[in-house]
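K.L.:
There are 4 protein chains.
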Amino acid sequence: MAMKIEVVEIEKPEGVEAIIGQGNFSVFTVDDLARALLTAVPGIKFGIAMNEAKPQLTRFTGNDKELEELAARNALKIGGGHVFVILMRDAFPINVLNTVKSHPAVVMVYGASENPLQLIVAETELGRAVLGIVDGKAATKIETEEQKRERRELVERIGYTID
Amino acid sequence: MAMKIEVVEIEKPEGVEAIIGQGNFSVFTVDDLARALLTAVPGIKFGIAMNEAKPQLTRFTGNDKELEELAARNALKIGGGHVFVILMRDAFPINVLNTVKSHPAVVMVYGASENPLQLIVAETELGRAVLGIVDGKAATKIETEEQKRERRELVERIGYTID
Amino acid sequence: MAMKIEVVEIEKPEGVEAIIGQGNFSVFTVDDLARALLTAVPGIKFGIAMNEAKPQLTRFTGNDKELEELAARNALKIGGGHVFVILMRDAFPINVLNTVKSHPAVVMVYGASENPLQLIVAETELGRAVLGIVDGKAATKIETEEQKRERRELVERIGYTID
Amino acid sequence: MAMKIEVVEIEKPEGVEAIIGQGNFSVFTVDDLARALLTAVPGIKFGIAMNEAKPQLTRFTGNDKELEELAARNALKIGGGHVFVILMRDAFPINVLNTVKSHPAVVMVYGASENPLQLIVAETELGRAVLGIVDGKAATKIETEEQKRERRELVERIGYTID
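Protein chains in written order, with the working numbering: chain W, 404 to 566; chain Z, 404 to 566; chain X, 404 to 566; chain F, 404 to 566.
1. Are there 16 or more other CB atoms within 10 angstroms of the CB of residue 491 of chain Z, so buried, or fewer, so exposed?
2. Excluding the five sequence neighbours on either side, which residues of its own chain have a C-beta within less than 6 Å of the C-beta of residue 462 of chain Z, listed in chain order?
3. If you measure from the beta carbon of residue 457 of chain Z to each beta carbon in chain W, is any gap under 8 Å?
4. Where residue 530 of chain X and residue 520 of chain F are concerned, what is the direct C-alpha to C-alpha distance, given to the nearest angstrom?
5. Output yes or no for whether 8 Å exceeds the beta carbon distance between residue 437 of chain W and residue 451 of chain W.
6. Beta strand (DSSP E) containing residue 463 of chain Z: first to last residue?
7. Within its chain, find whatever has a CB closer than 6 Å to the CB of residue 443 of chain W; leave out the 5 residues flanking it on each side and keep chain order.
8. Can you check DSSP and say which residues form a bridge with residue 492 of chain X?
9. To the nearest angstrom, how far is it from the Cα of residue 506 of chain Z to the Cα of residue 426 of chain Z?
10. Run down chain X in chain order and give the residues with a C-beta less than 8 Å from the C-beta of residue 419 of chain Z.
11. DSSP three-state label for residue 473 of chain X, please.
12. Here's the rule: buried if 16 or more other CB atoms are within 10 angstroms of the residue's CB, otherwise exposed. What is residue 483 of chain X?
13. Within a Cβ cutoff of 7 Å, which residues of the same chain sit near residue 414 of chain Z, ignoring the five residues on either side of it in sequence?
14. Going by DSSP, which residues form a beta bridge with residue 453 of chain X?
15. Thinking C-alpha only, which one of F:424, F:407, F:460 is nearest residue 510 of chain F?
16. Please name the residue, chosen from Z:560, Z:524, Z:488, Z:541, that lies closest to residue 528 of chain W on a Cα-to-Cα basis.
17. Could you tell me the alpha carbon to alpha carbon distance between residue 487 of chain F and residue 439 of chain W, rounded to whole angstroms?
18. Can you pull the chain W neighbours of residue 488 of chain F, defined as C-beta to C-beta under 7 Å?
19. I believe residue 533 of chain F touches residue 522 of chain F by the beta-carbon criterion, under 8 Å. Please report the beta-carbon distance rounded to the nearest angstrom.
20. Closer than 9 Å, Cβ to any Cβ of chain F: which residues of the stretch 480-512 of chain W, in chain order?
21. Using a Cβ cut-off of 7 Å, pull out every chain X residue sitting near residue 462 of chain Z, in sequence order please.
22. Out of F:539, F:547, F:561, F:469, which one is the CA nearest neighbour of residue 485 of chain X?
23. Along the alpha helix (DSSP H) that carries residue 566 of chain Z, what are the first and last residues, could you check?
24. Would you mind reading off the limits of the beta strand (DSSP E) that contains residue 520 of chain F?
25. Going by beta carbon distance, what residues of the same chain come within less than 6 Å of residue 480 of chain Z, once the five residues before and after it are set aside?
26. Give me the Cβ distance between residue 449 of chain Z and residue 489 of chain Z, rounded to the nearest whole Å; I'm assuming they're in contact under 8 Å.
27. Look at the alpha carbon of residue 548 of chain F and the alpha carbon of residue 564 of chain F, and state the distance between them as a whole number of angstroms.
28. In whole angstroms, what is the alpha-carbon distance linking residue 496 of chain X and residue 504 of chain F?
29. Should residue 442 of chain X be flagged as near chain F, meaning a C-beta pair shorter than 8 Å?
30. Quick one: measure Cβ to Cβ for residue 419 of chain F and residue 470 of chain F, integer angstroms, because I've assumed they're closer than 8 Å.
31. Assuming the contact rule is C-beta atoms closer than 8 Å, residue 408 of chain F and residue 525 of chain F should be a hit. Round their C-beta distance to whole Å, please.
32. How big is the Cα-Cα spacing for residue 544 of chain Z and residue 535 of chain W?
33. Against chain W, with Cβ distances strictly below 8 Å, would residue 438 of chain F count as a contact?
34. At a Cβ threshold of 8 Å, is residue 466 of chain W touching chain Z?
35. So residue 566 of chain X packs on residue 508 of chain X, CB below 8 Å; how close in whole Å?
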């Protein structure tokens, strides 16, 4: 039996955070993970999608139509059974990563990022398996003192500070 | 020394859940994991099989003849030493995954699914090693509102609801 | 820069259990893991070896000369920096696996087995990295009822029973 | 889409310890992990760098100019988004590994070592993903009794002893 390797590009607008992983029991988990996200972060806006193999459907839900549809389109593009895609605004991966990883239907998380993402996917005649993740463009320069100061002002501006 | 890569198809009827992993001490573990499954879920029906390398035998047990034989046939097909296959009905992976992962003889779980499964297996002149898992067919469509409603009715019908 | 893949055969007599993993701080860890093994299982006989890259030495210790030398020979054969090999008698992996995995200098365990073992090793011009493990010969038959009864008698004979 | 595999050499002087891993939210995490290191080990000297994909910058901080610049140079060389490099003196990986792994923005640690290191990196047209790590030169000899005595004196001299 043969196997080929493919690179799948994730579609998402800037500013949207993604968490991509492997789980099971899609018909239940897509909603149950959604509830877990709602209780983890007040005000989170998200879409979650998860592939089912029988019927061959990408299941999805969330509390933001645009993110729900986008999560679904990306999960469909990856194709791999039981792969889930979470896309969110007004929440960072560090707010929910432990919630996601400890969910009883989650096997593993491949990556968590606001960057453009690509997945390395193996395809057999049955289906597709995620092998790895490329998390955004490669760095090309080291930050300057000026850029470091701007970065810290940014982190403070978005609220990660105590007085 | 040479190594070749092979795709192994798991045989199982629809509706049967599978958990495939790596462990050790097969002569003991096949029965001890079986006991752990029995205590984890009342009414679980399952077969478990685990490969031993010396003698080259697939060990198996369970509480359902059909699932026991099927688990054994699949473990034999994979071949890899210390690989185990659990096939079950009347229980979902989310009910037992933590029980399985925390068993002292379990090294790791490769996948947990009701979907058709394929394993990517490396073969040397000594034996075989599991490299990855394909978990069912790729999704081909996004669910419609109608399919979402049917899915939620299904989850409720199988008992995941409180009044 | 180039990379090649090699299969390394572990040498050990029948009846000797092996645990192979990755860690750090070899000059300290080889002895400290040895102490952890001594406190984990009364009567354990073992050798442990761990590779150091500077100087390029395989460090080793234990409480059994034969197993110490054999562990050292195998670690040397694998070559990979910070790889450790534990060989033991009068103890099973299930007795010490959690002790080993939770040691602060252990990164991961590749496998734990009494079977003949092969390691899939990548080699660059700098050194060598373990990619995977083949744990014994592939199974060729499913156990018979007779063999199952013999297996259970064996488990009982080696003490895994309560009256 | 194509993918190529590359071996990236980490630059660092002897005696400097490295921890290389994957995380997220670089603008925040580079400083927050730095604070975690400071509270984990009194007297630690370190530099930490982490790649951001937009802008394509290697972020860095620490409490030692040389190590900060070196960590930044190495992270830049690896390139992979959200990859972090910690370089340190006066602290060993065993002092901080659990602190690093349990940080809410850390996904995984690829390796922790004072040895020369190489990373196996996949490159797509988008960016770069770490696939594995070579941790120092391969061992070429087994330690002699004399070398074992010297090693134990060294461990004692660096303080791992109680009277």
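From the three backbone atoms N, C-alpha and C, an ideal C-beta is built for every residue, glycine too.
P.N.:
According to the structure shown:
1. For the purposes of this step, residue 491 of chain Z is identified with residue 88 of the second sequence, where counting begins at 1. Counting Cβ neighbours within 10 Å, residue 491 of chain Z comes out buried, since at least 16 surround it.
2. By 1-based counting over the second sequence, the position of residue 462 of chain Z is 59. Hits under 6 Å: 429, 433, 453, 455.
3. Here residue 457 of chain Z refers to the residue found at position 54 of the second sequence. No, because no Cβ of chain W sits closer than 8 Å to the Cβ of residue 457 of chain Z.
4. As a working note, residue 530 of chain X is residue 127 in the third sequence. As a working note, residue 520 of chain F is residue 117 in the fourth sequence. About 9 Å.
5. Counted from its first residue, the first sequence places residue 437 of chain W at position 34. Counted from its first residue, the first sequence places residue 451 of chain W at position 48. Yes.
6. Taking the second sequence and counting its residues from 1, the one referred to as residue 463 of chain Z is at position 60. Counting along the chain, residue 463 of chain Z sits inside the beta strand (DSSP E) bounded by residues 459-465.
7. Locating residue 443 of chain W in the first sequence gives position 40, counting from the first residue. Closer than 6 Å at Cβ, skipping near neighbours: 499, 502.
8. Position 89 of the third sequence holds residue 492 of chain X. Answer is X:448.
9. Translated into the one-based positions of the second sequence, residue 506 of chain Z becomes position 103. Translated into the one-based positions of the second sequence, residue 426 of chain Z becomes position 23. Answer to the nearest angstrom: the Cα atoms are 9 Å apart.
10. As a working note, residue 419 of chain Z is residue 16 in the second sequence. Per Cβ cutoff of 8 Å: no residues; residue 419 of chain Z is ~18 Å from chain X at best.
11. On the third sequence, residue 473 of chain X is found 70 positions in, with the first residue counted as 1. In the structure shown, residue 473 of chain X sits in a helix (DSSP, three-state: H, G or I).
12. Here residue 483 of chain X refers to the residue found at position 80 of the third sequence. Per the 10 Å Cβ criterion, buried.
13. On the second sequence, position 11 is the one that residue 414 of chain Z refers to. In chain order, 473, 476, 477 place their CB closer than 7 Å to the CB of residue 414 of chain Z, counting only its own chain and leaving out the 5 sequence neighbours on each side.
14. Numbered from its first residue, the third sequence carries residue 453 of chain X at position 50. Residue 453 of chain X pairs with X:462, X:487.
15. What you label residue 510 of chain F is simply residue 107 of the fourth sequence in a count that begins at 1. For residue 510 of chain F, the closest alpha carbon among the candidates F:424, F:407, F:460 is that of F:424.
16. Counting from 1 along the first sequence, the entry for residue 528 of chain W is found at position 125. Ranking the options by Cα distance to residue 528 of chain W, first place goes to Z:541.
17. Position 84 of the fourth sequence holds residue 487 of chain F. Position 36 of the first sequence holds residue 439 of chain W. One Cα belongs to residue 487 of chain F, the other to residue 439 of chain W, and the distance between them is close to 29 Å.
18. As a first step, residue 488 of chain F is located in the fourth sequence; it is residue number 85 there, counting from the start. Result: empty, since nearest Cβ-Cβ is about 11 Å, beyond 7 Å.
19. On the fourth sequence, position 130 is the one that residue 533 of chain F refers to. On the fourth sequence, position 119 is the one that residue 522 of chain F refers to. Between residue 533 of chain F and residue 522 of chain F the beta-carbon gap is near 5 Å, inside 8 Å, which marks them as a contact.
20. Residues of the stretch 480-512 of chain W with a Cβ closer than 9 Å to any Cβ of chain F, in chain order: 495, 496, 497, 498, 500, 501, 512.
21. Within the second sequence, residue 462 of chain Z is the residue found at index 59, counting from 1. Within chain X, the residues near residue 462 of chain Z are 546, 554.
22. As a working mapping, residue 485 of chain X is identified with position 82 in the third sequence. Restricting attention to F:539, F:547, F:561, F:469, the CA atom closest to the CA of residue 485 of chain X is found in F:539.
23. On the second sequence, position 163 is the one that residue 566 of chain Z refers to. Boundaries cannot be given for residue 566 of chain Z, as no alpha helix (DSSP H) includes it and DSSP labels it neither H nor E.
24. By one-based count along the fourth sequence, residue 520 of chain F stands at place 117. 520-526 is the extent of the beta strand (DSSP E) around residue 520 of chain F.
25. To locate residue 480 of chain Z, count along the second sequence from 1; it is residue 77. Within the same chain, residue 480 of chain Z has close Cβ partners 411.
26. Within the second sequence, numbered from 1, the residue matching residue 449 of chain Z stands at position 46. Within the second sequence, numbered from 1, the residue matching residue 489 of chain Z stands at position 86. The C-beta distance from residue 449 of chain Z to residue 489 of chain Z rounds to 6 Å, short enough to fall under 8 Å.
27. Here residue 548 of chain F is taken as the residue at index 145 of the fourth sequence, counted from 1. Here residue 564 of chain F is taken as the residue at index 161 of the fourth sequence, counted from 1. The alpha-carbon atoms of residue 548 of chain F and residue 564 of chain F are separated by roughly 20 Å.
28. Numbered from its first residue, the third sequence carries residue 496 of chain X at position 93. Numbered from its first residue, the fourth sequence carries residue 504 of chain F at position 101. Rounded to the nearest angstrom, the two C-alpha atoms are 25 Å apart.
29. Mapped onto the third sequence, residue 442 of chain X falls at position 39. Not an interface residue.
30. Position 16 of the fourth sequence, counted from the first residue, corresponds to residue 419 of chain F. Position 67 of the fourth sequence, counted from the first residue, corresponds to residue 470 of chain F. That pair is a contact at about 7 Å.
31. Within the fourth sequence, numbered from 1, the residue matching residue 408 of chain F stands at position 5. Within the fourth sequence, numbered from 1, the residue matching residue 525 of chain F stands at position 122. The pair is a contact, with the Cβ atoms about 6 Å apart (cut-off 8 Å).
32. For the purposes of this step, residue 544 of chain Z is taken as residue 141 along the second sequence, with counting starting at 1. For the purposes of this step, residue 535 of chain W is taken as residue 132 along the first sequence, with counting starting at 1. Spanning the alpha carbons of residue 544 of chain Z and residue 535 of chain W requires a straight line of approximately 24 Å.
33. Mapped onto the fourth sequence, residue 438 of chain F falls at position 35. Output row for residue 438 of chain F: interface = no.
34. Position 63 of the first sequence, counted from the start, is the residue given in the question as residue 466 of chain W. In terms of beta-carbon proximity, residue 466 of chain W stays away from the interface with chain Z, with every pair separated by 8 Å or more.
35. In the third sequence, the residue the question calls residue 566 of chain X occupies position 163. In the third sequence, the residue the question calls residue 508 of chain X occupies position 105. Under the criterion of beta carbons closer than 8 Å, residue 566 of chain X and residue 508 of chain X do not qualify as touching, at roughly 41 Å.
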